[in-house]
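Residue numbers (this note's numbering): 825 to 1011.
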């Protein structure tokens, strides 16, 4: 199978475009937020960009283009200098089979997010079950294996016993799942 190289979090200082911040930065709108650590770490690592030097917008929906760009940065790809802010990430995602590159400006759903992470990880064994989630039967067919894998590996935890697979993922949720995903990839 294909192998996507990824960089080890914290092992080299590579900043992406956006605001330069110190490690574990605290944004005014993320202070005390349940995902504060994940937000600070993913921004400090240059994977995610903040909105301003004091704002992350954690409760704003993330887009498909955001995740394609974040994963391209994690793979070590320079995502600057595209015709649009997401062009280089989208090209990388299509080339590496992580996404078809469609609808980059559309909000990303939780099942789309998990599926892109699953594809980045080279479609690993999808052990585990979704029985603990009341809405497991609402996961789209294309995302079932990815969701099982993500749940089994602690990448997705659900909320109040639900996965809400077609719900839009917020920037905070993306940061949290991305941090858990990166930790999993480093093992």
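Backbone N, C-alpha and C define an ideal beta-carbon position, used for all residues, glycine too.
These numbers were taken from a predicted model, which means no experiment stands behind them.
Under the three-state reduction of DSSP output, residue 865 falls in the helix class. It is roughly 22 Å from the alpha-carbon of residue 963 to the alpha-carbon of residue 929. Cβ-Cβ separation between residue 980 and residue 886: approximately 14 Å, too far for a contact (criterion under 8 Å).
Under the criterion of beta carbons closer than 8 Å, residue 912 and residue 899 do not qualify as touching, at roughly 11 Å.
For residue 959, the closest alpha carbon among the candidates 972, 995 and 994 is that of 972. Here residue 857 is buried. Its C-beta has 16 or more other C-beta atoms within 10 Å. With 16 or more other CB atoms across the displayed protein chains lying within 10 angstroms of its CB, residue 935 is buried.
Just so you know, the alpha carbons of residue 924 and residue 891 end up roughly 13 Å apart. Considered as a whole, the stretch 927 to 976 harbours 934 to 944 and 968 to 976 as its complete alpha helix (DSSP H) runs of no fewer than 4 residues, in chain order. Beta bridge pairing from DSSP links residue 986 with 983. Partner residues in the beta bridge of residue 885, as assigned by DSSP, are 994. Residue 917: member of the alpha helix (DSSP H) spanning 911 to 919, first to last residue. Between the C-alpha atoms of residue 989 and residue 877 there is a straight-line separation of about 31 Å. Ranked by how close their Cα comes to the Cα of residue 946, the residues 970, 932 and 995 have 970 in first place. Nearest to residue 875 by C-alpha distance, out of 1008, 1003 and 995, is 995. Residue 853 sits buried, since 16 or more C-beta atoms from the chains shown fall within 10 Å of its C-beta.
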